[in-house]
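Worksheet: one structure, shown below.
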Amino acid sequence: MSTLLNIENLSVEFSNYQGISSVLDRVSLTIEKGEILGLVGESGCGKSVTALSILRLIPEPPGRITSGAIRFEGEDLLKFSPKRMRQIRGNEISMIFQEPMSSLNPVFTIGNQMREVVRIHRGLRRREADTLCADMLHQVQMPDPKEVLKKYPHQLSGGMRQRVMIAMELACNPKLLIADEPTTALDVTVQGQVLAILTGLSRRRNISVLLITHDMGVVAQVCDRVAVMYAGRLVEMASTGELFANPIHPYTQGLIASIPKMDQQSGGAQETSGEHALYSIPGTVPTLIQPPPGCRFHPRCTVSGSSCDSDVPELRWVSPDHAVACHRITGGGL
Amino acid sequence: MKFPFYRHPKYHELKLTARLLRNNPTAMAGLVILSVMGLMALCAGWLAPYDPIRLSLAERLQPPGMAHWFGTDEMGRDILSRVMHGARISLRMGFVVVFIAGGLGSVIGAVAGYYGGRIDNIIMRVMDVILSFPSLVLAMALAAAMGPNLNNAIMAVAFVMIPKFARLVRGEALSVKEMPFIAAARASGARNRWIIVHHILPNCLNSVIVLGTLTLGDTILIAASLSFIGLGAQPPTPEWGAMISVGRKFLMDQWWYATFPGLFILTTVIGFNILGDALRDILDPRIRR
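Those protein sequence lines, which keep their order, are chains A and B. This note's numbering applies: residue 4 is where the first sequence begins, and numbers increase by one. This note's numbering applies: residue 291 is where the second sequence begins, and numbers increase by one.
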């Protein structure tokens, strides 16, 4: 496998009247060709900002990319001209969004919108574009694609709309697909279906996927590797199996412990009532205007040591496929 | 599933609009008034009993009667025929003005709302300046400066109407540009101009149609006012405002001269206003379904 996208030390700041918040702090991650990388973390931890930075769609101002590089096939996207960037978007890197309800323009038919996208990006004539659109809809398992093309977005269900979005983005043959919480707004059954379609297409056509989610269940189901973010920093990165079997960072451990389990009583024997409470990480996400010094997780951490509130932990490789940023592991803390 | 005849969804939308229109008595009243006016304007050449500008001094200032239903003017011209031809001028003026003002105003508003910031500020302050004049006074000044004729009057009124549309569309653009489908379009490489033309403007169309209909009434009124003070259509053009202007001198003894053109202005403007009001309800997506 070779590297498709390589983010190095990406820092992003947003300023508002309260001050400057460092939304991303030296985030580094790589995506290999054909791999599905999960990016997980709580709301507001910088997952979506990372995705938008890759496409250079951070609103500036108030946002600003202060340092770092985003290398796509070896070239730094941050140095591209707006024109060159537009050619990347949609053609090389596509993105699907969380809200399938409103990601389609309500005043045009599905066919109208899909056709425009493929005509512009692939330079097809109308009839060829129609055939391709129907074919793409067929590939996302849409029943009766020709009829769907004639419908307006409000005539489709949420799952169907999200599949339309996937079909639309994949019609341009991107090398990287960024999926920003693609299944959050969908029913669980539909969610599974959409994820299956997404992974199936990724495998078949060797498309890399950056899957942003806060759902560890989704991660376990579809991702090859996982990167965990907390308050604008990458805290742990590992292959999916390794991460679930051997989570090192206390935050990751907390996330995994917070997954509801059907087969066992969490808390187990100590629970006198027999009812079991779902584990939750104490505290809340810190404000990014004045983030906690040192490790940003230390105020909520159950095992934080002396230097956790002063030194920033660096991401270190503890095994060939597992990196973590925690003093407790690398020996700086306890 | 039993859908033997599939039709394009636009067909269903149009059918729904038609049904809502039919079930709305005021809308129908407006539509009927305007259809009659429109028909009259289109067919004035065939329907009008006399030539609207041929002089016949023998029949000057005749009261309404069998030969001349609406009477004649001081040159012996048939007022009914003149009023019918006047509908042609007034309606055409109205549509041309709304077309120009609605088109330019929408684009200006969409640009201001979409780009925001400095561009928005500059554009909208200019619009505010235009709006700060009473529209009739500004139109008068412009028409006078450009020289009194029909085309200049159209341009002057259109100019005055632009800010109305710009304001409306700017507001809509502000909310539409935050919709996820705009972000999605940007993420698939759309350029700003494309987004404005293909996403912002079509989503503002409903409101523009409503405002356009209401503005048609205003426009006809302002246009007639300009002609009334001699800055629009010039005699002997059978324009309603111009006819009232001349008829004013005869109001004491020949009431019919100014009254009939006035009634037509009134009816047309009411027609546009009630249709516009009804359209606002009918095209409102919250009421539609």
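Beta carbons are placed, not taken as given, at the ideal position from N, Cα and C, and that holds for glycine. All values derive from a computational prediction rather than experimental measurement.
Buried or exposed by the 16-neighbour rule on C-beta atoms within 10 Å, applied to residue i
i, result
"threonine 1 of chain A", "The requested residue 1 of chain A does not occur in the structure, where chain A is confined to residues 4 to 337."
"alanine 474 of chain B", "buried"
"proline 280 of chain A", "Note on identity: in this sequence residue 280 of chain A is alanine, with proline being the wrong assignment. Flag for alanine 280 of chain A reads exposed."
"valine 197 of chain A", "buried"
"alanine 446 of chain B", "buried"
"serine 97 of chain A", "buried"
"tryptophan 530 of chain B", "buried"
"serine 517 of chain B", "buried"
"glycine 203 of chain A", "exposed"
"tyrosine 301 of chain B", "exposed"
"glutamine 165 of chain A", "buried"
"tryptophan 546 of chain B", "buried"
"aspartate 574 of chain B", "exposed"
"serine 325 of chain B", "exposed"
"lysine 539 of chain B", "exposed"
Residue i: first and last residue of the uninterrupted beta strand (DSSP E) it sits in
i, result
"isoleucine 96 of chain A", "96-99"
"threonine 216 of chain A", "211-216"
"histidine 325 of chain A", "325-327"
"valine 26 of chain A", "22-35"
"tryptophan 546 of chain B", "No beta strand (DSSP E) contains tryptophan 546 of chain B, which is instead part of the alpha helix (DSSP H) from 545-572."
"aspartate 183 of chain A", "179-183"
"isoleucine 39 of chain A", "39-43"
"phenylalanine 83 of chain A", "It is not in any beta strand (DSSP E) - phenylalanine 83 of chain A carries neither H nor E in the DSSP assignment."
"methionine 240 of chain A", "236-242"
"valine 427 of chain B", "Careful: valine 427 of chain B lies outside any beta strand (DSSP E), inside the alpha helix (DSSP H) at 425-436."
Boundaries of the alpha helix (DSSP H) in which residue i is found, first to last residue
i, result
"glutamate 150 of chain A", "148-152"
"alanine 132 of chain A", "129-142"
"serine 205 of chain A", "191-208"
"valine 120 of chain A", "113-125"
"glutamate 16 of chain A", "Here glutamate 16 of chain A belongs to no alpha helix (DSSP H); instead the beta strand (DSSP E) covers 6-19."
"serine 517 of chain B", "491-518"
"serine 535 of chain B", "530-537"
"threonine 316 of chain B", "315-332"
Alpha-carbon spacing of residue i relative to residue j, whole angstroms
i, j, result
"alanine 433 of chain B", "arginine 372 of chain B", "24 Å"
"serine 307 of chain A", "glycine 66 of chain A", "32 Å"
"glutamate 78 of chain A", "arginine 29 of chain A", "19 Å"
"glutamate 317 of chain A", "histidine 252 of chain A", "12 Å"
"glycine 44 of chain A", "alanine 234 of chain A", "8 Å"
"histidine 147 of chain A", "threonine 134 of chain A", "The question names histidine, but residue 147 of chain A is aspartate in the sequence shown. Cα to Cα, the separation comes out at about 13 Å."
"glycine 522 of chain B", "alanine 319 of chain B", "30 Å"
"isoleucine 113 of chain A", "asparagine 94 of chain A", "20 Å"
"leucine 440 of chain B", "serine 380 of chain B", "10 Å"
"alanine 326 of chain A", "alanine 241 of chain A", "6 Å"
"valine 419 of chain B", "glutamate 462 of chain B", "21 Å"
"lysine 82 of chain A", "arginine 476 of chain B", "19 Å"
"cysteine 494 of chain B", "arginine 460 of chain B", "9 Å"
Neighbourhood of residue i by C-beta, 8 Å cutoff - its chain only, sequence neighbours within 5 removed
i, result
"isoleucine 292 of chain A", "Gln21, Gly22, Ile23, Ser24"
"glycine 161 of chain A", "Pro103, Met104, Ala188, Leu189, Asp190, Val193"
"serine 211 of chain A", "Leu7, Leu8, Ile34, Glu35, Lys36, Gly37, Glu38, Ile39, Leu40, Lys178, Leu179, Leu180, Ser205"
Cut-off 6 Å between Cβ atoms - residues of its own chain near residue i, not counting five sequence neighbours on either side
i, result
"isoleucine 452 of chain B", "Ala391, Leu394, Gly395"
"leucine 232 of chain B", "Look at the range of chain B in this structure, 291 to 579, and you will see that residue 232 of chain B is not part of it."
"serine 18 of chain A", "Pro65"
"phenylalanine 300 of chain A", "Tyr233, Tyr254"
"valine 167 of chain A", "Ile113"
Cβ shell of residue i (< 7 Å), same chain only, five flanking positions each side left out
i, result
"valine 559 of chain B", "Gly507, Ile510, Leu511"
"leucine 55 of chain A", "Ile61"
Q.
With a threshold of 8 Å, are at least 3 pairs of Cβ atoms found where one atom belongs to the region 449-459 of chain B and the other to the region 387-407 of chain B?
A. yes
Q: May I ask you to verify whether the region 209-223 of chain A touches the region 35-54 of chain A, counting CB pairs closer than 8 Å and requiring at least 3?
A: yes
Q. Within the chosen definition, does the region 244-258 of chain A reach the region 223-232 of chain A through at least 3 CB pairs nearer than 8 Å?
A. yes
Q.
Assess contact between the region 423-437 of chain B and the region 369-384 of chain B, defined as three or more Cβ pairs (one per stretch) separated by less than 8 Å. Is contact present?
A. no
Q. Is it true that the region 139-153 of chain A meets the region 178-186 of chain A, where meeting means three or more beta-carbon pairs spaced less than 8 Å apart?
A. No: the two stretches stay apart, fewer than three of their Cβ pairs being nearer than 8 Å.
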